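Student: Numbering (this note's numbering), first residue to last: 27 to 713.
Heads up, the beta-carbon is just placed ideally off N, CA and C, and yes, glycines get one too.
Predicted model, so just to flag it, every value in this text is computed and none were measured.
The structure follows.
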Amino acid sequence: MDTMIQLPAMRRSAELAPNTADADSRTVEVVWSAGARVRRATFFGEPYDEELSLDPAHVRLDRLNAGAPFLKVHELDTLDAVIGSVVPGSARIENGRGIALVRISERADVEPIWRDIQAGHIRAVSIGYQVHRFEVSKPEAARELWRAVDWTPFEVSAVAVGADPAAGFRAQHPLHDCVLHRRDAPTPQGASPMTDKTHTPASDAATPATTQPTEPVETEDTSMTETKAAAPETKVAAVETRTQPKLQNTDAPAATDTEAVATRAREAERDRVSTIYDLAGRLNLERGFAEGLVKRGVSVDESRRLILDQVAAKSDETRTFPHVSVPLGGRDERITRRDAVANALLHRYSPTLFQLEDAARQYRGMTLLELARESLGNAGVNTRGLSRDEVATRALHSTSDFPEILSAVTNKTLRQAYEAYPRTFMLFCRQVLATDFKAMHRVQLGDAPQLLEVGESGEFKRGMLGESKESYKVKTYGRVVAITRQTLINDDLDAFTRIPAMYGNSIAQLESDVVWGIITANPAMADGNALFHTTHKNLAGTGTALAVDAVGAARAAMAKQTGLDKKTVLNVRPAFLIVPASLELKAEQLVAQNLVPAATSSVVPQSIRTLAPISEPRLDAASETAWYLAASPNQIDTIEYAYLEGQQGAYIETRNGFDVDGVEIKCRLDFGAKAIDWRGLYKNPGA
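Structure, rendered in structure tokens:
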């Protein structure tokens with residue numbers, strides 16, 4: 027009989043092999059599964075045994091072999107938690123064990139972790155996996171056996187102690203479908219009888235025949251919440267799995283009664299500690315709360331009661347709201363109402379930028395406090411008799427839609443201001459996306475070698491491409507400001523519309539500062555010379571005022587630039603005339619159309635009039651006379667700028683404040699820029 031249930035992502039302990047660490051390639055081998063059988067338990071139900079089949083046909087290795095992340099203690103909400111990745115194509119099943127090669131990041135903050143791995147201090151890792159299908163059987167006088175015959179490992183994490191019951195996920199994760207196939211037949215072929223003692227093949231090979239384990243070589247205690255509805259669907263809550271210490275009796279004689287009692291006591295304590303940490307971690311309680319229960323020796327039953335009481339007490343506490351998204355399948359009434367309120371506030375902020383929608387007309391003219399009271403009422407909260415302060419507090423710390431409304435308004439005002447700010451560098455620079463924060467190496471390609479004549483029955487001769495390497499990386503910039511409940515009480519709409527708008531302007535200005543700072547700072551390139559340098563033949567020896575003759579000489583110098591072989595002429599053609607604000611009018615006059623020239627010598631050639639003038643006031647601080655020519659980035663590299671993939675431009679996030687009684691707004695930018703090639707740029711100091 028097949029039953030469809032829903033499961034969260036699970037974890038199992040794994041093991042690093044420090045002796046396989048390669049310092050040059052920064053790789054180390056991981057044994058991510060040995061197929062050990064572990065005991066699991068529902069929140070309040072009967073325990074069962076889980077076994078992961080390591081039959082290659084039963085394991086989906088696609089996600090590991092696609093470069094799954096190597097994380098720091100299962101952290102999923104920050105990019106800094108990614109400390110490496112699985113080498114694509116390295117995951118495999120060999121001799122009954124799952125093995126993969128992990129490459130460690132080159133980031134400076136990861137370097138101490140890499141050194142500890144090489145030294146053998148960090149050995150414990152844990153894998154995250156999803157089970158899509160279990161085969162369930164019930165051997166005689168034993169717990170049920172759930173054997174995973176279709177499952178997917180999807181991440182590997184370094185952890186401090188593999189047997190630590192507190193190690194593991196801290197966040198809730200989406201459930202996924204899993205099929206339970208219940209069999210009336212005996213245990214599946216190849217599965218060992220149900221016992222509490224399991225061991226890995228590697229342990230068998232290393233242990234003499236006379237040695238018998240007195241403890242499981244790999245035993246993992248977990249707890250699981252199971253909720254059964256009237257329909258044949260079972261939802262199973264979060265599961266955690268951990269490896270217990272490997273204890274072996276190498277002395278061969280039977281254990282004494284005292285040792286047996288001590289062993290049972292240790293197992294009971296281990297079960298108690300594991301269960302408490304499992305329940306607290308799965309329900310997002312602070313680790314300190316679970317530690318307190320463990321230290322006080324509170325029983326499992328009493329701990330369950332206290333944990334449920336704590337969850338109930340925290341049910342109305344703060345929530346975090348990322349960008350608001352709407353599913354493609356349509357919009358329900360709650361989302362429509364939330365968007366209408368946000369539109370009414372945006373129209374009140376700027377009627378010219380945000381047109382009032384029909385659905386928002388009913389909220390036009392309402393104050394912030396009135397909208398907060400409306401949101402509470404829609405959420406089923408009775409606001410009759412509540413003071414203004416109580417309405418503001420509950421609207422910011424409840425299940426109402428008001429925090430999401432504030433988030434939508436701040437997002438749109440920031441994005442509008444960010445896109446409206448003039449960023450003049452985008453015309454002559456090239457944009458790329460960075461997949462991570464590691465240094466990006468850009469090869470400055472030389473021109474291809476010239477073709478040589480090949481005679482009849484002749485041989486094609488090989489040519490070489492010259493190259494030079496520039497590197498840079500994306501950096502993170504950000505700030506946080508708070509909007510308090512006083513803002514709602516005072517109906518200060520500007521506090522969460524103008525502040526995000528100012529953030530939008532600030533982010534766009536920061537991008538311009540970074541890119542134009544490259545031009546004004548004239549940094550060194552990979553060859554050791556400055557960006558504008560006589561060696562690069564892109565700096566005028568004597569400064570001359572902006573005029574036809576000077577522009578003609580600069581254009582000729584760019585055209586005569588050669589490849590990295592110092593021979594091939596590139597014929598670089600300028601497309602932009604870049605000037606400080608003090609020379610903007612003169613640049614516009616220079617490229618203006620000739621109407622009635624007084625003399626032939628006064629005519630500006632068409633080739634110069636096709637230059638697009640770019641005026642940038644940031645250049646005035648460095649020099650009010652210097653001017654520049656730039657080629658199109660489609661012809662040759664000039665300056666390259668990058669955003670982190672998925673975080674292009676400004677990113678804003680709101681949450682209910684912890685340190686302030688209100689809403690916190692966090693604004694972030696992941697951005698970097700670098701001059702890639704000097705041959706597409708030219709500078710004249712001016713006069």
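When the Cβ atoms of the segment 640–648 are set against those of the segment 599–608, are three or more pairs found closer than 8 Å?
Tutor: These segments touch.
Student: What residue does the beta strand (DSSP E) around TRP653 start on, and which one ends it?
Tutor: Numbered from 1 along the sequence shown, position 627 holds the residue referred to as residue 653. Residues 653–657.
Student: Going residue by residue through the segment 62–134, where are the continuous beta strand (DSSP E) segments of at least 3 residues, counting only ones entirely within it?
Tutor: If we require 3 residues or more, the beta strand (DSSP E) runs fully inside the segment 62–134 come out as 63–67, 73–78, 95–98, 108–112, 118–120, 123–130.
Student: Buried or exposed for ASP703, please, with buried defined as at least 16 other CB atoms from any protein chain shown within 10 angstroms of its CB.
Tutor: By 1-based counting over the sequence shown, the position of residue 703 is 677. Buried.
Student: Give a yes or no on whether the C-beta atoms belonging to TYR669 and ALA534 are separated by under 8 Å.
Tutor: Taking the sequence shown and counting its residues from 1, the one referred to as residue 669 is at position 643. Taking the sequence shown and counting its residues from 1, the one referred to as residue 534 is at position 508. Cβ distance not < 8 Å, so TYR669 and ALA534 don't count as in contact.
Student: Would you call ALA699 buried or exposed, if buried means 16 or more other Cβ atoms sit within 10 Å of its Cβ?
Tutor: Position 673 of the sequence shown, counted from the start, is the residue given in the question as residue 699. It is buried - the Cβ of ALA699 has at least 16 other Cβ atoms within 10 Å.
Student: For ARG732, name the three-state secondary structure that DSSP assigns.
Tutor: In the structure displayed, the chain extends from 27 to 713; residue 732 sits before or after that span and is not available.
Student: Strictly by DSSP, which residues pair up with TRP177?
Tutor: Reading the sequence shown from its first residue, position 151 is the one you call residue 177. In the DSSP output, where bridge partners are listed per residue, TRP177 has VAL85, VAL157.
Student: In this structure, what does DSSP give as the bridge partners for PRO600?
Tutor: On the sequence shown, position 574 is the one that residue 600 refers to. Answer is ALA657, bridged to PRO600.
Student: Quick check: the Cα distance between VAL57 and SER163, rounded to an integer number of angstroms?
Tutor: Taking the sequence shown and counting its residues from 1, the one referred to as residue 57 is at position 31. Taking the sequence shown and counting its residues from 1, the one referred to as residue 163 is at position 137. Taking the straight line from one Cα to the other gives about 28 Å.
Student: If distances are taken between C-alpha atoms only, which option among ALA676, ARG581, ASP575 comes closest to LYS563?
Tutor: Within the sequence shown, residue 563 is the residue found at index 537, counting from 1. Measuring from the Cα of LYS563, the nearest candidate turns out to be ARG581.
Student: Residue ranges of each alpha helix (DSSP H) run of no fewer than 4 residues wholly in the segment 398–470, ordered along the chain?
Tutor: Runs of the alpha helix (DSSP H) inside the segment 398–470: 414–422, 428–446.
Student: Could you work out which residue in ARG141, MET584, GLN661 is closest to ARG52 when comparing CA atoms only?
Tutor: Locating residue 52 in the sequence shown gives position 26, where the first residue counts as 1. Cα-wise, what sits closest to ARG52 is ARG141.
Student: What does GLY698 pair with, by DSSP beta-bridge criteria?
Tutor: Along the sequence shown, read from residue 1 onward, the residue named residue 698 stands at position 672. Note: GLY698 sits in a beta bridge opposite ALA668.
Student: Straight-line CA distance for THR233 to GLY122?
Tutor: Within the sequence shown, numbered from 1, the residue matching residue 233 stands at position 207. Within the sequence shown, numbered from 1, the residue matching residue 122 stands at position 96. In this predicted model, THR233 has a pLDDT of only 37, less than 50, meaning its place in the structure is not dependable; the value taken from the coordinates is given anyway. Going by the C-alpha atoms only, they are around 17 Å apart.
Student: Of the choices GLY61, THR393, ALA83, whose alpha-carbon is the least far from that of GLU76?
Tutor: Position 50 of the sequence shown, counted from the start, is the residue given in the question as residue 76. Closest option to GLU76, Cα to Cα, is GLY61.
Student: Consult DSSP for VAL265 and reduce its assignment to one of helix, strand or coil.
Tutor: Indexing the sequence shown from 1 puts residue 265 at position 239. Interpretation of VAL265 is limited by its pLDDT of 37, a score under 50 that renders its predicted location unreliable; the figure taken from the coordinates is listed afterwards. If DSSP states are grouped into helix, strand and coil, VAL265 belongs with coil.
Student: Mind reading off the beta-carbon distance from GLU537 to ARG399? Whole number of angstroms is fine, and I expect it under 8 Å.
Tutor: Here the question's residue 537 lines up with position 511 in the sequence shown. Here the question's residue 399 lines up with position 373 in the sequence shown. Rounded, the Cβ-Cβ distance is 40 Å, inconsistent with contact.
Student: For ILE12, which residues from the same chain have a beta carbon less than 8 Å from its beta carbon, with the 5 sequence-adjacent residues on both sides left out?
Tutor: A query on residue 12 cannot be resolved here, the shown segment of the chain reaching from 27 to 713 and no further.
Student: Taking only three categories from DSSP, how would you classify LEU565?
Tutor: Counted from its first residue, the sequence shown places residue 565 at position 539. Note: LEU565 maps to strand in three-state DSSP.
Student: Inspect the beta-carbon positions of ASP415 and ARG360 and report whether they are closer than 8 Å.
Tutor: The residue given as residue 415 occupies position 389 in the sequence shown. The residue given as residue 360 occupies position 334 in the sequence shown. Against a cut-off of 8 Å, the Cβ pair of ARG360 and ASP415 comes out as no contact.
Student: Considering only C-alpha positions, which residue in the set GLU496, HIS559, ALA613, ALA446 is nearest to SER532?
Tutor: Residue numbering aside, residue 532 sits at position 506 when the sequence shown is read from its first letter. Nearest C-alpha to SER532: ALA446.
Student: Is the segment 404–411 close to the segment 454–473, with three or more CB pairs under 8 Å?
Tutor: Verdict: no, contact absent.
Student: What are the boundary residues of the beta strand (DSSP E) that VAL54 is part of?
Tutor: Taking the first residue of the sequence shown as 1, we reach residue 54 at position 28. Counting along the chain, the beta strand (DSSP E) containing VAL54 begins and ends at 53–59.
Student: Tell me, to the nearest whole angstrom, how far the beta carbon of GLY115 is from that of LEU80; I am working on the premise that it is less than 8 Å.
Tutor: The residue labelled residue 115 in the question sits at position 89 within the sequence shown. The residue labelled residue 80 in the question sits at position 54 within the sequence shown. That belief does not hold up - the Cβ atoms of GLY115 and LEU80 are roughly 19 Å apart, past 8 Å.
Student: Suppose contacts are defined by Cβ-Cβ distances below 8 Å. Is ALA15 in contact with VAL151 by that definition?
Tutor: Past the boundaries of the shown model lies residue 15; the chain is included only from 27 to 713, so the question cannot be answered.
Student: Which word fits LEU459, buried or exposed, when buried means at least 16 other C-beta atoms lie within 10 angstroms of its C-beta?
Tutor: In the sequence shown, the residue the question calls residue 459 occupies position 433. That one is exposed.
Student: In the DSSP assignment, find the unbroken beta strand (DSSP E) run with LYS501 in it and report its ends.
Tutor: Stepping through the sequence shown from its first residue, residue 501 is reached at position 475. Taken as a continuous stretch (DSSP letters only), the beta strand (DSSP E) holding LYS501 covers 501–510.
Student: Apart from the five residues just before and just after ARG390, which ones in its own chain have a Cβ nearer than 6 Å to its Cβ?
Tutor: As a working note, residue 390 is residue 364 in the sequence shown. Taken in chain order, the residues that qualify are ALA370.
Student: Please state if the CB of PRO429 and the CB of ASN660 are separated by a distance shorter than 8 Å.
Tutor: Position 634 of the sequence shown, counted from the first residue, corresponds to residue 660. Position 403 of the sequence shown, counted from the first residue, corresponds to residue 429. It is not a contact, given that the beta carbons lie outside the stated cut-off.
Student: Within its chain, find whatever has a CB closer than 8 Å to the CB of VAL337; leave out the 5 residues flanking it on each side and keep chain order.
Tutor: Numbered from its first residue, the sequence shown carries residue 337 at position 311. Here the set comprises LEU309, LEU311.
Student: Could you compute how far the alpha carbon of ALA280 sits from the alpha carbon of ARG65?
Tutor: In the sequence shown, residue 280 corresponds to position 254, counting from 1. In the sequence shown, residue 65 corresponds to position 39, counting from 1. Confidence at ALA280 is low in this model, with a pLDDT of 44, below 50, so its placement is unreliable and the value that follows should be read with caution. Computed Cα separation, rounded: 25 Å.
Student: DSSP three-state label for ILE148, please.
Tutor: Walking along the sequence shown from the start, residue 148 turns up at place 122. Here ILE148 sits in coil by DSSP.
Student: Put PRO643 into one of helix, strand or coil per three-state DSSP.
Tutor: As a working note, residue 643 is residue 617 in the sequence shown. In this structure, PRO643 counts as helix in the three-state DSSP scheme.
Student: Where HIS225 and LEU78 are concerned, what is the direct C-alpha to C-alpha distance, given to the nearest angstrom?
Tutor: Looking up residue 225 in the sequence shown gives position 199. Looking up residue 78 in the sequence shown gives position 52. Interpretation of HIS225 is limited by its pLDDT of 39, a score under 50 that renders its predicted location unreliable; the figure taken from the coordinates is listed afterwards. Each residue's alpha carbon lies about 13 Å from the other.
Student: Does the segment 512–523 come close enough to the segment 377–396 that 3 or more CB-CB pairs lie under 8 Å?
Tutor: Counting Cβ pairs under 8 Å, three or more are found: they touch.
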